[in-house]
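Visitor: Converting from the sequence shown to my numbering requires adding 714 to each position, the first position being numbered 1.
Ideal placement from N, C-alpha and C gives every residue a C-beta, glycine not left out.
None of the values given here were measured: they were computed from a predicted structure.
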Amino acid sequence: GKAVAVVAFVLAAFMEGALAEPVLIVTPETKVRLWERVLRMWAPQCSTVCYTGSAAARSAAREWDWAPGGSTVDVLLTTPAVMAMDKEHLRKQTWGGAIIDLRDTVGATWHEGLTLEALEGFAW
Numbered sequence: 715g716k717a718v719a720v721v722a723f724v725l726a727a728f729m730e731g732a733l734a735e736p737v738l739i740v741t742p743e744t745k746v747r748l749w750e751r752v753l754r755m756w757a758p759q760c761s762t763v764c765y766t767g768s769a770a771a772r773s774a775a776r777e778w779d780w781a782p783g784g785s786t787v788d789v790l791l792t793t794p795a796v797m798a799m800d801k802e803h804l805r806k807q808t809w810g811g812a813i814i815d816l817r818d819t820v821g822a823t824w825h826e827g828l829t830l831e832a833l834e835g836f837a838w
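1. Tell me whether the beta-carbon of Thr-762 lies closer than 8 Å to the beta-carbon of Arg-772.
2. Please list, in chain order, all residues of the same chain as Lys-806 whose beta carbon is under 7 Å from its beta carbon, the five residues on each side excluded.
3. At what residues does the beta strand (DSSP E) containing Thr-762 begin and finish?
4. Looking at the strands, I want to know which residues DSSP matches up with Ala-837.
5. Which stretch, first to last residue, makes up the alpha helix (DSSP H) that contains Val-752?
6. Report, in whole angstroms, the separation of the C-beta atoms of Gly-765 and Trp-780, which I expect to be a contact under 8 Å.
7. Given the structure, does Ile-739 come close to the ligand NAD, in the sense that its CB is under 7 Å from one of the ligand's heavy atoms?
8. Report the rounded CA-to-CA distance for Ile-813 versus Gln-759, giving the unit in angstroms.
9. Determine the extent of the beta strand (DSSP E) in which Leu-790 is found, giving its start and end residues.
10. So the beta strand (DSSP E) Leu-816 belongs to, where does it begin and stop?
11. Which residues in the same chain as Pro-838 place their Cβ atom closer than 6 Å to its Cβ, once the five residues preceding and following it in sequence are excluded?
12. Which partner residues does Val-718 have in the DSSP bridge list?
Below, the structure is given as structure tokens:
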């Protein structure tokens, strides 16, 4: 439902040239793989990076998959916790938009505050 509709919107925006910068999708760790599957199934044209895991894994992703400020990635998937930890790296990127998927999360109020705080200073 919701993820497919959002992915269709993002794909249409990229295909029509309305998005020149990557889209940031923030979702709980439990939903990252769901979003990744939906993106690969419904928008295989979009280059997607899952920016999660350990500090070493995220460092490798910045080196090999996503270079903040010089990225060719279309969609970056991450979690609220990673946003809080890596906001300085994420702020180096100009973003085409952000999708915050925390509706079904237990403790969503805490996550929403963390996410909104982490989004301060981002370039859109």
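Guide: On the basis of the coordinates in this document:
1. Not in contact: Thr-762 and Arg-772 (Cβ atoms no closer than 8 Å).
2. Spatial neighbours of Lys-806 in its own chain (CB-CB distance under 7 Å, excluding positions within 5 residues in sequence) are listed in chain order as Pro-782, Gly-783.
3. Taken as a continuous stretch (DSSP letters only), the beta strand (DSSP E) holding Thr-762 covers 762–764.
4. For Ala-837, which the question treats as bridged, DSSP gives the partners Thr-808.
5. Run containing Val-752: 743–756, per the alpha helix (DSSP H) assignment.
6. First, the residue type needs correcting, since residue 765 is Tyr and not Gly in the sequence shown. Yes, they are in contact, since the Cβ atoms of Tyr-765 and Trp-780 sit about 7 Å apart, within 8 Å.
7. Summarising the ligand content, the structure contains no ligands, and the ligand NAD is consequently not present.
8. Cα-Cα distance, rounded: 19 Å.
9. First-last of the beta strand (DSSP E) with Leu-790: 789–792.
10. For Leu-816, no beta strand (DSSP E) segment is defined, and its DSSP state is neither H nor E.
11. The sequence shown places Trp at residue 838, rather than the Pro named in the question. Excluding positions up to five away in sequence, the list reads Trp-809.
12. Looking at the DSSP assignment, Val-718 forms no beta bridge with any residue, so it has no partner.
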